[in-house]
Amino acid sequence: LLWAGVAVLEEYGLHVSRRMVNLPYVVWTMAYNTLLLALFLAAEVLVHFIEIPGKKRGGTILSARRYYSESCQMLCDAVNRNLLAVFLASNLMTGATNMFLPTLTATWTQGFITMSLYSLAVTCLAAELNRRNLTLKFW
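Numbering (the numbering used here), first residue to last: 714 to 852.
Take a look at the structure:
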């Protein structure tokens, strides 16, 4: 429904503008975040209810992870463990992106690829710090 609202606003000549923070931008942001939360919910439901092939009844992915003491929230734990370091690295990467890429004239595809690589880099940084059992604290 929100995506339809964005399409209708675009049809009437109101284009999404992050700089002006206009109504189409707000509706687009709500639509994007709602879709993202729905995908996270779908993944969570799949983890809880998909059964592992060859296992007895009740052998879901979540129960297998609990049996082997694997954390379902490894990424959350990794980011929380080094929150300040991940935040500072993210800010530096944002500045580098804005300095070296023409972000104002980028196409949708270029922006999507840039944001995907940015998210992957931040995620890999947090996961690698966690894997190496490093906690970066500056106090």
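We put the beta carbon where it would ideally sit given N, CA and C, even for glycine.
Query	Result
C-beta atoms of Ala-744 and Leu-715 nearer than 7 Å	yes
Where Asn-846 sits in the DSSP three-state scheme	coil
Among Cys-837, Arg-794, Ala-819, Gln-786, the one whose alpha carbon lies nearest that of Phe-753	Gln-786
Ala-717, enclosing alpha helix (DSSP H) - first and last residue	715-724
Distance CB(Val-758)-CB(Val-740) smaller than 7 Å	no
Pairwise C-alpha distance: Val-835 and Thr-810	13 Å
Same chain, Cβ closer than 8 Å to Met-806, five either side skipped, listed in chain order	Tyr-831, Ala-834, Val-835
Whole-angstrom distance between Thr-827 and Arg-845, CA atom to CA atom	27 Å
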